[in-house]
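Heads up: the structure comes next, in structure tokens.
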Amino acid sequence: MFELPALPYSLDALAPHFSRETLEYHHGKHHAAYVAKLNELTKGSPLEKATIEEIIKKESGAIFNNAAQIWNHTFFWNCLTPQGGMPGGDLLTALNANFDSFDNFKTQFSNAAATLFGSGWAWLVARPGGKLEIVQESNAGNPMTKGAAPLLTCDVWEHAYYIDYRNARPKYIEAFWKLANWKWVETQWRSAKG
Ligand code: FE
1 MFELPALPYS
11 LDALAPHFSR
21 ETLEYHHGKH
31 HAAYVAKLNE
41 LTKGSPLEKA
51 TIEEIIKKES
61 GAIFNNAAQI
71 WNHTFFWNCL
81 TPQGGMPGGD
91 LLTALNANFD
101 SFDNFKTQFS
111 NAAATLFGSG
121 WAWLVARPGG
131 KLEIVQESNA
141 GNPMTKGAAP
151 LLTCDVWEHA
161 YYIDYRNARP
171 KYIEAFWKLA
181 NWKWVETQWR
191 SAKG
């Protein structure tokens, strides 16, 4: 059985940027529904014993969609922290080197998140060799399927922002930056570099 990972903070922790009600729905209903659906789809098959990563790399269709949405959401929750903050050290050096400046990186990532048509995810990824890139993935898309290592993601499905920001996706993206967990991004960056 696949299980819904607990949030790494309380339901109130990200308020006022992301409200308790948003987290109740986004984690407790949407994320939970992907877990329930994957359990239903894999019941009695060998995939029951596979890891989410194995399923994402091998499967397609509804099984891929639900597994990738589980992984993407778990990763997304870890990309947020009530403390917020700024990147430092090697990560900041790499962001400056790849995007000219941290502000430029933020602008490009925000544009990718704001302009993604329909539902999906904006990602900061590391390519093999260490080059950093911003990519858009529609629906349940996950950059691991193309050999890139995810470092940071922003969920731009409407369910992520409609309770707090209605149709104003750019306002939600502004709030996302106040909550970005740079320690998490740094950890992903270090393991991607090897
Ligand atoms: Fe979501």
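Take the sequence shown: its position 155, counted from the start at 1, is 155 in my numbering, and no numbers get skipped.
A virtual CB, placed ideally from N, CA and C, is assigned to each residue, including glycine.
| Asked | Found |
| --- | --- |
| Validate contact between the segment 92-103 and the segment 67-84 using beta carbons, cut 8 Å, 3 pairs | no |
| Residues bridged to residue 120 [DSSP beta-bridge criterion] | 138 |
| Distance CB(residue 121)-CB(residue 154) smaller than 8 Å | yes |
| Heavy atom of ligand 1 within 7 Å of residue 100 beta-carbon | no |
| For residue 174, three-class secondary structure by DSSP | helix |
| Below-8 Å beta-carbon distance, residue 70 vs any chain C residue | Included in the structure is just one protein chain, with no chain C present. |
| Inside the segment 19-79 only - alpha helix (DSSP H) runs reaching at least 4 residues | 20-25, 32-42, 52-58 and 61-78 |
| Range of the contiguous alpha helix (DSSP H) that encloses residue 180 | Unbroken run through residue 180: none, as it is neither H nor E. |
| Where residue 133 sits in the DSSP three-state scheme | strand |
| Cβ-Cβ distance between residue 177 and residue 152 below 8 Å | no |
| For residue 156, three-class secondary structure by DSSP | coil |
| Helix, strand or coil at residue 150 according to DSSP, with G and I counted as helix | strand |
| Contact belief for residue 114 with residue 169 at Cβ below 8 Å, rounded distance in angstroms | 6 Å |
| Residues that DSSP places opposite residue 126 in a beta bridge | 132 and 149 |
| Which listed residue (9, 190 and 179) has its alpha carbon closest to that of residue 84 | 179 |
| Range covered by the alpha helix (DSSP H) that runs through residue 103 | 102-115 |
| Beta-carbon proximity check, residue 87 vs residue 186, cutoff 8 Å | yes |
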